[in-house]
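**Student:**
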DNA sequence: TCCTCCTGCTCACTCGATTTAACATCGCCG
DNA sequence: CGGCGATGTTAAATCGAGTGAGCAGGAGGA
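Written as structure tokens, this is what we have:
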């Protein structure tokens, strides 16, 4: 029982053009070495056109073992909104090479992840992207170790895989550079830090790298960091509290580096409540460049997570087998200059 | 030239179990009508287990014309962040029925959309979801009219397709209800309106429906709307300007219904600048429930776009052929009560 | 003893493509 | 005039499964 309604196949085209299926295949797949006469070629192309022939990729894949398909499995996307850009970038690179993208999310559940990967392997994807929503280490499971894979926004410790991550350390340096250029020296404080919490006693990758960059750039300029308020990055509330206690102190900072825009939002709220004005009394620079940054008044200078470029690069590397030497690719984080930095007040 | 490394196939299992390939197929696909002895069944299952057999879905699909795959094509996702939830919901419903999801974005380019849909059709997807990031009308192209399709967050004028949209009108009623319950009567103003702009001279769907709901609920209570500030919804700036002129007037409103959270954010900023406090001097209720709503101080009461549920429902309907009568499904928008509403000051 | 019926399994075809090897036909050269 | 190479085309196998028809062998009945 062939389950009903079929599309136009090569056999139909062959019949229409008065040649064999083989010939049709040769013409349509453009094999130059097979010497088909111009007339036959024309008849076939004409028939294909007329009948609206479209190849059945499923059948093609079965024979060629190539599906023109890549799978992207992330841990979670809804929580960090900018992930959309990452997927978009991945999609863009896939389409450029005529691939379609399977997208799925494990929700951090290993069993769910296993199933998803298995589903993609069963469907013979050409390659896999393992994505994390905030940079961290990741160990691909045994089932995919022999499979073309790229890690997106995560690092593997074994060095077996190609990884694509943002260049957080350089971003840290850039943040400091902006403040130094504006004339800030000793009053620079950090809100956020490495994000040491119960769940992450060593801090998070982005935090550690940003801090490293910040400290390096400051010491290169011979400036001492006035202090770091370690706190959770998850909501403006934490930034507010940190800033409140800073601004109420007897030697408030002249500039604050916030580890993300949410914290910066909290700092803005605190400054407002303390009757201080950004950037006149307090310069603020931040990371991530979420939409929030452009909505704040004054608009917030922030160093962007290059989500689009991350996704793009990952898939692009995945589909260029020649460039798939295991390596860590660090994508630059662009500075978005806005109005939250000014010279320190004297 | 069979291009190299192959996985375990049914033929391998058959050899291992000492039966024919046919028998293996019958056992593994669980056909009860074929009378296979218990011993044979056990040997086959054992062999499959031992060899780590996994069916090749590509081959299966070729024969059965079922790919266990659905395609989701949206216009754009990166701009409106909450789309992530929508995709997640869609994914969830797909997985429940053992389907995987192709995700793609047309970027509002009809030619790109055509290509994406064609790519999915060529890959024999079982069904398509056409998604829009903000509710609007959509006319599926000729190429997919005979294909199982569901419209997600958009409506078709022809009534040929199943559509899933948020119940905006009811949300409008709910917003008013919250204010009436708090004791507001004549001082209720709307910021945003139908969002009449150059690009949308008739306003947008969400705007018109919300306004309809708002007006209906007010008139049902015998209350007159104090006024509507029609404006662009895209950034807090517009909300700020609208609110500024309202609050500086001689009869400022006691409550404002904002057509989305960005506008509400602008209203907060304006209230702050005018020395007014939310909710003591001004109650605010809003729509969408973006993250922003919970970050604001005081936290903003907002009526959520049920993105997750929208995506979930769309795919769920798509994969239940019995329920695929063309119809419009309106998904309720949940109220998130927070701290931005109080009784009017006398 | 022959016929039928059931049980348990297999043969051979099919899905829609790719790909290898071979087969006509023709002209040309020795 | 026979063999050979070039040219244009096709038959048949293959990818990995699903599936209708059929075939042994034993039990049971007439």
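Residue numbers (the UniProt record's numbering), protein chains in the order written: chain H, 1 to 346; chain D, 1 to 346.
Note that CB positions come from ideal geometry on N, CA and C, so glycine has one too.
Contact criterion: CB-CB distance below 8 Å. Does residue 134 of chain D meet it with respect to chain H?
**Tutor:** Counted from its first residue, the second chain places residue 134 of chain D at position 134. No, residue 134 of chain D lies away from the interface with chain H (no Cβ there is under 8 Å from its Cβ).
**Student:** If the cut is a Cβ gap below 9 Å, which residues of chain D does residue 9 of chain H touch?
**Tutor:** Here residue 9 of chain H corresponds to residue number 9 of the first chain, with the count starting at 1. Chain D residues near residue 9 of chain H: none, gap ~12 Å exceeds 9 Å.
**Student:** Measuring straight from C-alpha to C-alpha, what distance separates residue 76 of chain D and residue 39 of chain H?
**Tutor:** Taking the first residue of the second chain as 1, we reach residue 76 of chain D at position 76. Taking the first residue of the first chain as 1, we reach residue 39 of chain H at position 39. Approximately 45 Å, taken between the alpha carbons.
**Student:** Smallest Cα separation from residue 192 of chain H: which of H:240, H:186, H:108 and H:44?
**Tutor:** Position 192 of the first chain, counted from the first residue, corresponds to residue 192 of chain H. Ranking the options by Cα distance to residue 192 of chain H, first place goes to H:240.
**Student:** In terms of alpha-carbon separation, which member of H:249, H:250 and H:301 lies closest to residue 268 of chain H?
**Tutor:** As a working mapping, residue 268 of chain H is identified with position 268 in the first chain. Considering only alpha carbons, the answer is H:301.
**Student:** Verify the CB distance criterion: does residue 276 of chain H have a CB-CB separation below 8 Å to chain D?
**Tutor:** Position 276 of the first chain holds residue 276 of chain H. Judged by the 8 Å Cβ criterion, residue 276 of chain H is not in contact with chain D.
**Student:** With burial defined as no fewer than 16 other Cβ atoms inside 10 Å of the residue's Cβ, what is the status of residue 289 of chain D: buried or exposed?
**Tutor:** Here residue 289 of chain D refers to the residue found at position 289 when the second chain is read from its first residue. By the 10 Å Cβ count, residue 289 of chain D comes out buried.
**Student:** Suppose only complete runs of 4+ residues qualify. What are the alpha helix (DSSP H) ranges in the segment 94-144 of chain H, listed by chain order?
**Tutor:** Those alpha helix (DSSP H) runs which fall completely within the segment 94-144 of chain H and span 4+ residues are 110-122.
**Student:** Since residue 152 of chain D and residue 144 of chain D are thought to touch, with beta carbons under 8 Å apart, how far apart are those beta carbons, to the nearest angstrom?
**Tutor:** In the second chain, counting from the first residue as 1, residue 152 of chain D sits at position 152. In the second chain, counting from the first residue as 1, residue 144 of chain D sits at position 144. Residue 152 of chain D to residue 144 of chain D, Cβ: 14 Å. No contact.
**Student:** Is residue 271 of chain D closer than 8 Å to residue 247 of chain D when the C-beta atoms are compared?
**Tutor:** Numbered from its first residue, the second chain carries residue 247 of chain D at position 247. Numbered from its first residue, the second chain carries residue 271 of chain D at position 271. Yes; because the gap between Cβ atoms is below 8 Å, this pair is in contact.
**Student:** Is it true that the segment 83-96 of chain H meets the segment 111-118 of chain H, where meeting means three or more beta-carbon pairs spaced less than 8 Å apart?
**Tutor:** No contact exists between the segment 83-96 of chain H and the segment 111-118 of chain H.
**Student:** Hey, would you say residue 97 of chain D sits closer than 8 Å to residue 317 of chain D, going by beta carbons?
**Tutor:** In the second chain, counting from the first residue as 1, residue 97 of chain D sits at position 97. In the second chain, counting from the first residue as 1, residue 317 of chain D sits at position 317. It is not a contact, given that the beta carbons lie outside the stated cut-off.
**Student:** Starting from residue 61 of chain D, find everything on chain H with Cβ-Cβ shorter than 7 Å and list it in chain order.
**Tutor:** Your numbering for residue 61 of chain D matches position 61 in the second chain. Within chain H, the residues near residue 61 of chain D are 58.
**Student:** Excluding the 5 residues flanking residue 303 of chain D on each side, which residues of the same chain have their C-beta closer than 8 Å to its C-beta?
**Tutor:** Sequence index remark: in the second chain, residue 303 of chain D carries index 303 (1-based). Closer than 8 Å at the Cβ level, and outside the excluded window around residue 303 of chain D, lie 171, 174, 175, 285, 286, 287, 288, 289, 333, 334, 335 and 336.
**Student:** Are the beta-carbon atoms belonging to residue 90 of chain H and residue 256 of chain H less than 8 Å from one another?
**Tutor:** Indexing the first chain from 1 puts residue 90 of chain H at position 90. Indexing the first chain from 1 puts residue 256 of chain H at position 256. It is not a contact, given that the beta carbons lie outside the stated cut-off.
**Student:** Tell me whether residue 69 of chain H is buried or exposed, calling it buried when 16 or more other Cβ atoms sit within 10 Å of its Cβ.
**Tutor:** To locate residue 69 of chain H, count along the first chain from 1; it is residue 69. The residue in question, residue 69 of chain H, is buried, as its Cβ has 16 or more Cβ neighbours within 10 Å.
**Student:** Quick one: is the Cβ of residue 279 of chain D within less than 7 Å of any heavy atom of the ligand ADP?
**Tutor:** In terms of ligand content, the structure shown is empty, and the ligand ADP therefore cannot be addressed.
**Student:** How do the segment 31-51 of chain H and the segment 60-67 of chain H stand: do at least 3 beta-carbon pairs fall below 8 Å, yes or no?
**Tutor:** No: the two stretches stay apart, fewer than three of their Cβ pairs being nearer than 8 Å.
**Student:** Check the C-beta distance from residue 157 of chain H over to residue 135 of chain H and give it rounded, since I have them as a contact under 8 Å.
**Tutor:** Here residue 157 of chain H corresponds to residue number 157 of the first chain, with the count starting at 1. Here residue 135 of chain H corresponds to residue number 135 of the first chain, with the count starting at 1. Not confirmed; about 14 Å, so no contact.
**Student:** So which residues of chain H does residue 147 of chain D contact, with C-beta pairs closer than 8 Å?
**Tutor:** Within the second chain, the letter at position 147 stands for residue 147 of chain D. The premise fails here: residue 147 of chain D is roughly 11 Å from chain H at the closest Cβ pair, so nothing lies under 8 Å.
**Student:** Quick check on DSSP: helix, strand or coil for residue 283 of chain H?
**Tutor:** Position 283 of the first chain, counting from 1, holds the residue named residue 283 of chain H. Residue 283 of chain H falls in the strand class under three-state DSSP.
**Student:** From residue 295 of chain H to residue 167 of chain H, what does the alpha carbon distance come to, in whole angstroms?
**Tutor:** Within the first chain, residue 295 of chain H is the residue found at index 295, counting from 1. Within the first chain, residue 167 of chain H is the residue found at index 167, counting from 1. Cα to Cα, the separation comes out at about 25 Å.
**Student:** Under 8 Å between C-beta atoms, does residue 127 of chain H make it to chain D?
**Tutor:** Residue 127 of chain H sits at position 127 when you count from the first residue of the first chain. Output row for residue 127 of chain H: interface = no.
**Student:** Would you say residue 262 of chain D lies against chain H (beta-carbon separation less than 8 Å)?
**Tutor:** To locate residue 262 of chain D, count along the second chain from 1; it is residue 262. So, interface residue.
**Student:** Assuming residue 345 of chain H is part of the alpha helix (DSSP H), what are its boundary residues?
**Tutor:** If you number the first chain from 1, residue 345 of chain H lands on position 345. Unbroken run through residue 345 of chain H: none, as it is neither H nor E.
**Student:** Residue 184 of chain D by DSSP, collapsed to three states: which one?
**Tutor:** The residue labelled residue 184 of chain D in the question sits at position 184 within the second chain. Of the three classes helix, strand and coil, the one that applies to residue 184 of chain D here is coil, per DSSP.
**Student:** Could you check which residue in D:33, D:41, D:7 and D:30 has the C-alpha nearest to that of residue 17 of chain D?
**Tutor:** Start at 1 with the first residue of the second chain, and residue 17 of chain D comes out as number 17. Here the closest residue by C-alpha is D:41.
**Student:** Identify which residue in H:236, H:200, H:195 and H:58 has its Cα closest to the Cα of residue 229 of chain H.
**Tutor:** The residue labelled residue 229 of chain H in the question sits at position 229 within the first chain. Answer by Cα proximity: H:195.
**Student:** So is residue 333 of chain D in contact with chain H if we call contact Cβ pairs under 8 Å?
**Tutor:** Working through the second chain from its first residue, we reach residue 333 of chain D at position 333. No, because no Cβ of chain H sits closer than 8 Å to the Cβ of residue 333 of chain D.
**Student:** Could you work out which residues of chain H lie near residue 162 of chain D, taking near to mean beta carbons separated by less than 8 Å?
**Tutor:** Position 162 of the second chain, counting from 1, holds the residue named residue 162 of chain D. Those within 8 Å of residue 162 of chain D in chain H number zero; the least Cβ separation is about 20 Å.
**Student:** Mind checking which residues open and close the alpha helix (DSSP H) that includes residue 220 of chain D?
**Tutor:** On the second chain, residue 220 of chain D is found 220 positions in, with the first residue counted as 1. Looking at the DSSP string, the run of the alpha helix (DSSP H) that includes residue 220 of chain D is 205-220.
**Student:** Going by the CB atoms, is the gap between residue 232 of chain D and residue 197 of chain D shorter than 8 Å?
**Tutor:** Translated into the one-based positions of the second chain, residue 197 of chain D becomes position 197. Translated into the one-based positions of the second chain, residue 232 of chain D becomes position 232. A contact, by the Cβ cut-off of 8 Å.
**Student:** Going along chain D, which residues have a C-beta under 7 Å from residue 227 of chain H?
**Tutor:** As a first step, residue 227 of chain H is located in the first chain; it is residue number 227 there, counting from the start. What residue 227 of chain H touches in chain D: nothing, since even the nearest Cβ is about 25 Å away.
**Student:** Between residue 208 of chain D and the rest of its own chain, which residues show a CB-CB distance below 7 Å, the 5 nearest in sequence each way excluded?
**Tutor:** Here residue 208 of chain D refers to the residue found at position 208 when the second chain is read from its first residue. Counting only Cβ-Cβ distances below 7 Å, and skipping sequence neighbours, we find 194.
**Student:** Count the other CB atoms within 10 Å of the CB of residue 34 of chain D; is the residue buried (16 or more) or exposed (fewer)?
**Tutor:** Here residue 34 of chain D refers to the residue found at position 34 of the second chain. Exposed: under 16 other Cβ atoms inside 10 Å.
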